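Novice: Residue numbers (our numbering), protein chains in the order written: chain A, 23 to 282; chain B, 317 to 702.
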Amino acid sequence: MKSHNSDQHEKTVTAAETVFAVKVDDLTVAYNYKPVLWDIDLEIPEGVLMAIVGPNGAGKSTLIKSILGILKPIAGSVSIYGKPYKEQRSLVAYVPQKGSVDWDFPTTALDVVMMGTYGSLGWIKRPKQREKKLALEALEKVGMLSFKGRQISQLSGGQQQRIFLARALVQDASIYFMDEPFQGVDASTEIAIINILKALRKAGKTVVVVHHDLQTVPEYFDWVTFLNVKKIATGPVKDIFNDDNLTKTYGINYKVSIQE
Amino acid sequence: MSSAQFEIQLIASIVAIACAIPGTFLVLRKMAMISDAISHSILPGIVVGFFITQDLNSPWLILLAAFTGVITVVLVENIQKTGLVKEDTAIGLVFPVLFSIGVILIAKNANDVHLDIDAVLLGELAFAPFDRIYMGGVDVGPKSLWVIGSILLITITLLILFFKELKLSTFDKGLSASLGFSPIVIHYGLMSVASVTTVGAFDAVGAILVVALMIAPAASAYLLTTDLKKMLLLSIGFGILSAISGYWMAYWLDASIAGSITTMLGILFLVVYLFAPSKGIIAVLYREKQQRTEVSLLTFLLHLKNHEEESERHVKHLNEHINWQKVRSRTVLDLALKNNMIAIDNKIVSLTPKGDEFTTQAIDYIITNEDAQIEDMKDDFFLFRG
Numbered sequence: 023m024k025s026h027n028s029d030q031h032e033k034t035v036t037a038a039e040t041v042f043a044v045k046v047d048d049l050t051v052a053y054n055y056k057p058v059l060w061d062i063d064l065e066i067p068e069g070v071l072m073a074i075v076g077p078n079g080a081g082k083s084t085l086i087k088s089i090l091g092i093l094k095p096i097a098g099s100v101s102i103y104g105k106p107y108k109e110q111r112s113l114v115a116y117v118p119q120k121g122s123v124d125w126d127f128p129t130t131a132l133d134v135v136m137m138g139t140y141g142s143l144g145w146i147k148r149p150k151q152r153e154k155k156l157a158l159e160a161l162e163k164v165g166m167l168s169f170k171g172r173q174i175s176q177l178s179g180g181q182q183q184r185i186f187l188a189r190a191l192v193q194d195a196s197i198y199f200m201d202e203p204f205q206g207v208d209a210s211t212e213i214a215i216i217n218i219l220k221a222l223r224k225a226g227k228t229v230v231v232v233h234h235d236l237q238t239v240p241e242y243f244d245w246v247t248f249l250n251v252k253k254i255a256t257g258p259v260k261d262i263f264n265d266d267n268l269t270k271t272y273g274i275n276y277k278v279s280i281q282e
Numbered sequence: 317m318s319s320a321q322f323e324i325q326l327i328a329s330i331v332a333i334a335c336a337i338p339g340t341f342l343v344l345r346k347m348a349m350i351s352d353a354i355s356h357s358i359l360p361g362i363v364v365g366f367f368i369t370q371d372l373n374s375p376w377l378i379l380l381a382a383f384t385g386v387i388t389v390v391l392v393e394n395i396q397k398t399g400l401v402k403e404d405t406a407i408g409l410v411f412p413v414l415f416s417i418g419v420i421l422i423a424k425n426a427n428d429v430h431l432d433i434d435a436v437l438l439g440e441l442a443f444a445p446f447d448r449i450y451m452g453g454v455d456v457g458p459k460s461l462w463v464i465g466s467i468l469l470i471t472i473t474l475l476i477l478f479f480k481e482l483k484l485s486t487f488d489k490g491l492s493a494s495l496g497f498s499p500i501v502i503h504y505g506l507m508s509v510a511s512v513t514t515v516g517a518f519d520a521v522g523a524i525l526v527v528a529l530m531i532a533p534a535a536s537a538y539l540l541t542t543d544l545k546k547m548l549l550l551s552i553g554f555g556i557l558s559a560i561s562g563y564w565m566a567y568w569l570d571a572s573i574a575g576s577i578t579t580m581l582g583i584l585f586l587v588v589y590l591f592a593p594s595k596g597i598i599a600v601l602y603r604e605k606q607q608r609t610e611v612s613l614l615t616f617l618l619h620l621k622n623h624e625e626e627s628e629r630h631v632k633h634l635n636e637h638i639n640w641q642k643v644r645s646r647t648v649l650d651l652a653l654k655n656n657m658i659a660i661d662n663k664i665v666s667l668t669p670k671g672d673e674f675t676t677q678a679i680d681y682i683i684t685n686e687d688a689q690i691e692d693m694k695d696d697f698f699l700f701r702g
């Protein structure tokens with residue numbers, strides 16, 4: 023179950039009984055009885071690079087957190103390759119919002135990346151040389167190897183985001199969930215991140231990204247989900263990324279010329 | 317030094333270590349006030365436990381009282397979850413109520429219970445060596461030493477086993493949950509250890525010192541290191557240092573041991589707060605001054621680069637027209653000269669090739685919004701800092 027090469031990908035898309043990388047059924051999540059996600063049905067095919075877009079408070083982060091079992095839904099279910107998330111943890115990597123952690127925490131860049139290996143270690147077992155080697159490789163992939171010993175508060179916003187990305191890469195998952203990885207990063211980091219995401223898709227991985235910059239959706243992604251408490255639309259960017267769906271999602275007349 | 321004196325210092329030190337370990341994580345989780353809440357609200361647990369067991373050092377009493385501590389945390393979280401009050405308010409609501417229930421229970425049963433409010437607040441460290449354990453008639457040491465020693469052993473075992481999980485869930489709850497390390501389980505595990513430690517230490521050092529021993533060493537260590545393991549070791553070291561120096565301060569002043577240890581903790585934190593190499597107040601102020609001078613230097617170099625005409629580059633003009641204080645302009649001029657960035661010829665200032673290169677690069681970074689890079693650049697160009 024761990025490896026899904028592109029041949030398999032072709033097959034699963036054409037096969038009659040498609041197993042989706044992620045399948046969400048009737049998901050409803052509420053904070054204090056106020057629904058933030060309402061009856062979401064969502065199927066994410068394997069191997070797509072998908073953006074979740076929607077206005078503030080649309081429930082984008084909540085959707086990801088519910089899929090990952092961090093939040094408990096009041097109704098509905100989620101499956102990863104046809105099985106509950108709990109059984110498929112090793113297939114999934116998660117990049118939380120950069121602002122969700124305290125960057126003054128006394129630890130180094132390398133140590134944060136090593137945290138990505140904790141899931142495969144399980145309880146009690148400590149990371150050893152093997153885990154350290156994996157973490158160093160991931161740091162190299164995001165161009166941060168020379169910062170390995172740097173205290174994390176001494177890193178710029180873009181560098182912190184790269185560290186988070188490296189931490190997800192080290193998990194060697196099949197599906198990557200990322201919550202606003204482009205938030206507050208400089209242009210060069212944005213390019214570095216998107217190149218890594220595209221490389222992941224090329225390797226047959228599924229990547230789901232909460233994204234804010236509508237302008238870059240057609241350039242970066244091949245799949246998109248419009249979300250505003252309810253699911254508005256989901257599908258290939260070339261088919262559904264249009265003014266109609268944008269207006270339905272954002273509630274105002276959207277005129278984003280996306281085709282030249 | 318008599319054996320009683322040695323034993324008191326040993327107990328105080330072990331209490332300090334046992335407190336420093338959960339304290340480090342409480343400080344990092346921004347939950348310092350929870351230790352205050354726990355230390356007070358275990359009182360009714362201790363009193364009820366004492367009614368049942370008639371023994372202040374009974375393991376059942378410790379577990380029962382620790383359970384009250386965990387209940388405190390649950391109550392605080394539930395009140396907070398309603399969204400009607402904030403966490404600090406919830407803490408302020410819960411623990412005084414539980415504490416006062418304990419106070420009333422003691423007062424109502426004062427005749428037959430050997431507990432009093434002074435001892436609860438400040439402990440009776442000086443009397444600790446008198447309450448001893450005998451095994452087969454042989455004296456094996458003070459009771460509280462055994463109690464807190466066992467608690468420390470359990471704490472250290474748990475710390476070694478679950479260090480990875482504690483670190484992960486303290487730093488990033490979301491990732492911890494998604495990887496299957498339930499932050500709730502770890503949270504309540506930590507709260508239980510903090511509660512048991514508080515109860516164990518309570519008898520020896522009292523409710524107030526327990527809080528100080530949990531928070532002050534960790535807060536001091538936090539200012540000195542960027543490594544979690546070192547922070548734990550430093551917290552432990554600070555705890556022991558304050559315990560022993562506090563004991564001797566009390567001895568010389570003939571004052572309360574608990575009070576003296578807490579005073580030493582306060583002094584220790586003050587010293588670290590002032591003199592910590594990179595996060596201390598003095599270091600921060602020094603860096604700010606350096607920054608100010610260097611920003612002025614950059615402004616000055618930019619001005620030189622922008623103006624060819626000699627009237628704009630005369631030393632006197634620079635002193636008077638760029639709105640610097642005379643002292644500041646002197647400092648800036650000296651700094652620029654020391655770093656070979658300018659040359660002064662007959663009171664006319666001009667950029668050297670090096671100064672020109674530095675300024676050009678800095679402008680590039682400023683207009684591309686990468687000001688942060690200027691700091692790295694300074695390392696290459698500056699022989700002397702501001």
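Quick reminder that beta carbons are idealized off the backbone N, C-alpha and C, glycines included. Here the structure is a predicted model, which is why all the values come from computation and not from measurement.
By how many angstroms is the C-alpha of F518 of chain B removed from the C-alpha of A3 of chain A?
Specialist: No information on residue 3 of chain A is available, as it lies outside the stretch 23 to 282 that chain A covers here.
Novice: Using a Cβ-Cβ cutoff of 8 Å, what residues of the stretch 96-118 of chain A are near chain B? List them in chain order.
Specialist: If the cut-off is 8 Å between Cβ atoms, the stretch 96-118 of chain A has K108, R111, V114, Y116, P118 near chain B.
Novice: Roughly how many angstroms separate the alpha carbons of K147 of chain A and Y140 of chain A, rounded to a whole number?
Specialist: Reading the first sequence from its first residue, position 125 is the one you call residue 147 of chain A. Reading the first sequence from its first residue, position 118 is the one you call residue 140 of chain A. Taking the straight line joining both Cα atoms gives about 8 Å.
Novice: List the DSSP bridge partners of K252 of chain A.
Specialist: Along the first sequence, one-based indexing puts residue 252 of chain A at 230. In the DSSP output, where bridge partners are listed per residue, K252 of chain A has A:N250.
Novice: By the criterion of Cβ-Cβ separation under 7 Å, what are the contact partners of F127 of chain A in chain B?
Specialist: Here residue 127 of chain A refers to the residue found at position 105 of the first sequence. L344, F487, listed in chain order.
Novice: Can you find a C-beta in chain A that's less than 7 Å from the C-beta of A493 of chain B?
Specialist: For the purposes of this step, residue 493 of chain B is identified with residue 177 of the second sequence, where counting begins at 1. With 7 Å as the cut-off, A493 of chain B counts as an interface residue toward chain A.
Novice: Scan the stretch 531-542 of chain B for residues whose Cβ lies nearer than 8 Å to a Cβ of chain A and list them as they occur along the chain.
Specialist: So the close ones are Y538, T541, T542.
Novice: What would DSSP say about F199 of chain A, mapped onto helix, strand or coil?
Specialist: Position 177 of the first sequence, counting from 1, holds the residue named residue 199 of chain A. F199 of chain A falls in the strand class under three-state DSSP.
Novice: If you run the structure through DSSP and keep just helix, strand and coil, what is S498 of chain B?
Specialist: As a first step, residue 498 of chain B is located in the second sequence; it is residue number 182 there, counting from the start. If DSSP states are grouped into helix, strand and coil, S498 of chain B belongs with coil.
Novice: Around the Cβ of G452 of chain B, are there at least 16 other Cβ atoms within 10 angstroms (buried) or fewer (exposed)?
Specialist: The residue given as residue 452 of chain B occupies position 136 in the second sequence. Exposed is the call here.
Novice: In chain order, what residues of the same chain lie with their CB nearer than 7 Å to the CB of A80 of chain A, ignoring the 5 residues before and after it?
Specialist: Position 58 of the first sequence, counted from the start, is the residue given in the question as residue 80 of chain A. Answer for A80 of chain A: L249, N250, V251, listed in chain order.
Novice: Give the range of the beta strand (DSSP E) segment to which Y53 of chain A is assigned.
Specialist: As a first step, residue 53 of chain A is located in the first sequence; it is residue number 31 there, counting from the start. It spans 44-53 - the beta strand (DSSP E) in which Y53 of chain A sits, taken as one unbroken run.
Novice: What does DSSP give as the partner residue(s) for L59 of chain A in the beta ladder?
Specialist: Translated into positions along the first sequence, residue 59 of chain A becomes position 37. Paired residue(s): A:V51.
Novice: With a floor of 4 residues, list each alpha helix (DSSP H) that falls wholly inside the stretch 352-402 of chain B, ordered by position along the chain.
Specialist: 375-397, all fully within the stretch 352-402 of chain B.
Novice: I need the boundaries of the alpha helix (DSSP H) containing R448 of chain B, first residue and last residue.
Specialist: One-based indexing of the second sequence puts residue 448 of chain B at position 132. First-last for R448 of chain B: 448-451, but that is the beta strand (DSSP E), not the alpha helix (DSSP H).
Novice: So is L557 of chain B in contact with chain A if we call contact Cβ pairs under 7 Å?
Specialist: Working through the second sequence from its first residue, we reach residue 557 of chain B at position 241. Not one chain A Cβ lies under 7 Å of L557 of chain B.
Novice: What does N250 of chain A touch in chain B if you count any residue whose Cβ is under 8 Å from its own?
Specialist: To locate residue 250 of chain A, count along the first sequence from 1; it is residue 228. In chain order: nothing, as chain B lies at least about 23 Å away.
Novice: Return no unless some Cβ of chain A is closer than 7 Å to the Cβ of L475 of chain B.
Specialist: As a first step, residue 475 of chain B is located in the second sequence; it is residue number 159 there, counting from the start. No - not a single Cβ of chain A is within 7 Å of the one on L475 of chain B.
Novice: Would DSSP call H630 of chain B helix, strand or coil?
Specialist: Taking the first residue of the second sequence as position 1, residue 630 of chain B is located at position 314. Strand, per DSSP.
Novice: Measuring straight from C-alpha to C-alpha, what distance separates T256 of chain A and E212 of chain A?
Specialist: Within the first sequence, numbered from 1, the residue matching residue 256 of chain A stands at position 234. Within the first sequence, numbered from 1, the residue matching residue 212 of chain A stands at position 190. When rounded, the distance between both Cα atoms is 24 Å.
Novice: With DSSP as the reference, label W706 of chain B as helix, strand or coil.
Specialist: Residue 706 of chain B lies beyond the stretch modelled for chain B, which goes from 317 to 702, so this question has no answer here.
Novice: Just the C-alpha distance for S25 of chain A and G69 of chain A, rounded to the nearest angstrom, thanks.
Specialist: Residue 25 of chain A sits at position 3 when you count from the first residue of the first sequence. Residue 69 of chain A sits at position 47 when you count from the first residue of the first sequence. The pLDDT assigned to S25 of chain A is 46, lower than 50, so where the model puts this residue is not dependable, and the model offers no usable value.
Novice: Any idea if T271 of chain A is buried or exposed, counting beta-carbon neighbours within 10 angstroms, 16 or more meaning buried?
Specialist: Within the first sequence, the letter at position 249 stands for residue 271 of chain A. Its Cβ being crowded by 16 or more others within 10 Å, T271 of chain A is buried.
Novice: Alpha carbon to alpha carbon, how far is E604 of chain B from H356 of chain B? Give it in angstroms, no decimals.
Specialist: Walking along the second sequence from the start, residue 356 of chain B turns up at place 40. Walking along the second sequence from the start, residue 604 of chain B turns up at place 288. In a straight line, the C-alpha of H356 of chain B is about 41 Å away from that of E604 of chain B.
Novice: Could you say which of A:T129, A:Y103, A:G76, A:A97 lies nearest to K546 of chain B if we only look at CA atoms?
Specialist: Looking up residue 546 of chain B in the second sequence gives position 230. Looking at the Cα atoms, A:T129 is the closest of the given residues.
Novice: Starting from G457 of chain B and walking both ways along the beta strand (DSSP E), at which residues does that stretch end?
Specialist: Position 141 of the second sequence, counting from 1, holds the residue named residue 457 of chain B. Residues 454-458.
Novice: Can you name, in chain order, every residue of its own chain whose Cβ lies under 8 Å from the Cβ of N394 of chain B, other than the five neighbours on each side?
Specialist: Working through the second sequence from its first residue, we reach residue 394 of chain B at position 78. Once the five neighbours on either side are set aside, N394 of chain B has no close Cβ partner at all.
Novice: Using 8 Å as the cut-off, can you tell me whether the stretch 407-415 of chain B makes contact with the stretch 368-377 of chain B, which would need three or more C-beta pairs spanning the two stretches below that distance?
Specialist: No, the stretch 407-415 of chain B does not touch the stretch 368-377 of chain B.
Novice: Indicate whether S536 of chain B and L584 of chain B have their beta-carbon atoms separated by less than 7 Å.
Specialist: Position 220 of the second sequence, counting from 1, holds the residue named residue 536 of chain B. Position 268 of the second sequence, counting from 1, holds the residue named residue 584 of chain B. In contact: S536 of chain B and L584 of chain B (Cβ atoms closer than 7 Å).
Novice: Output needed for D244 of chain A: all residues of its chain with C-beta closer than 7 Å, excluding positions within five of it in sequence on either side, in chain order.
Specialist: Residue mapping note: residue 244 of chain A aligns to position 222 of the first sequence, counting from 1. V70, L71, P258, V259.
Novice: Grab the span of the alpha helix (DSSP H) containing V135 of chain A for me, first residue to last.
Specialist: Walking along the first sequence from the start, residue 135 of chain A turns up at place 113. Counting along the chain, the alpha helix (DSSP H) containing V135 of chain A begins and ends at 131-136.
Novice: Quick check on the burial criterion: 16 or more other C-beta atoms within 10 angstroms. Buried or exposed for L586 of chain B?
Specialist: Translated into positions along the second sequence, residue 586 of chain B becomes position 270. Looking at its Cβ environment, which holds fewer than 16 other Cβ atoms inside 10 Å, L586 of chain B is exposed.
Novice: Going by the beta-carbon positions, is the gap between L303 of chain B and I573 of chain B smaller than 7 Å?
Specialist: With chain B covering only 317 through 702, there is no way to say anything about residue 303 of chain B.
Novice: Have a look at A:I197, A:V232, A:V231, A:M137 and flag the residue whose alpha-carbon is nearest the alpha-carbon of A188 of chain A.
Specialist: Numbered from its first residue, the first sequence carries residue 188 of chain A at position 166. Closest option to A188 of chain A, Cα to Cα, is A:M137.
Novice: When the Cα atoms are used, what is the spatial distance from T471 of chain B to V509 of chain B?
Specialist: Here the question's residue 471 of chain B lines up with position 155 in the second sequence. Here the question's residue 509 of chain B lines up with position 193 in the second sequence. Cα to Cα, the separation comes out at about 7 Å.
Novice: How close, in whole Å, do the beta carbons of I690 of chain B and A678 of chain B come, if the pair is a contact with beta carbons under 8 Å?
Specialist: If you number the second sequence from 1, residue 690 of chain B lands on position 374. If you number the second sequence from 1, residue 678 of chain B lands on position 362. Rounded, the Cβ-Cβ distance is 6 Å, consistent with contact.
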